[in-house]
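Below is one structure, written out as structure tokens; comments come after it.
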Ligand code: SF4
Ligand code: SF4
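In my numbering, the protein residues as written are 2 to 68.
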């Protein structure tokens, strides 16, 4: 499964980008976006999604399955 960025919450700070192990986060057209094809929720790299840990906004990055 993958994570996704909630468009209404993202402030486009870019903090989530540098440590994504699969380079799945792009600037996007309006707010930052996660490529659901390549995001593996940091499986095998981190205990939990690194982007969520780095994002300053609560509930901005959520599991796609909850969308
Ligand atoms: S969960 Fe991990 S792999 Fe997916 S976008 Fe966030 S940092 Fe990248
Ligand atoms: S860290 Fe959070 S607020 Fe910043 S660009 Fe990424 S998703 Fe958006």
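All residues carry an ideal CB built from backbone N, CA and C; glycine is no exception.
Can you tell which of the options has the C-alpha that lies nearest to the C-alpha of residue i?
i: residue 24; options: 62, 6, 40, 66; result: 40
i: residue 2; options: 43, 59, 47; result: 43
i: residue 29; options: 8, 38, 49; result: 8
Please report how far the alpha carbon of residue i lies from the alpha carbon of residue j, in whole angstroms.
i: residue 13; j: residue 22; result: 19 Å
i: residue 31; j: residue 45; result: 30 Å
Less than 8 Å separating the beta-carbons of residue i and residue j?
i: residue 4; j: residue 57; result: no
i: residue 26; j: residue 18; result: yes
i: residue 55; j: residue 20; result: yes
For residue i, which residues of its own chain have a beta-carbon under 6 Å away from its beta-carbon, when the five flanking residues on both sides are left out?
i: residue 36; result: 25
Beta-carbon within less than 8 Å of residue i's beta-carbon, same chain only, minus the 5 sequence neighbours each way: which residues are those?
i: residue 16; result: 55, 56, 57
What residues sit near ligand 1, counting only those whose C-beta is closer than 6 Å to one of its heavy atoms, in chain order?
-> 4, 21, 22, 23, 25, 26, 35, 40, 41, 42, 43, 50, 51, 52
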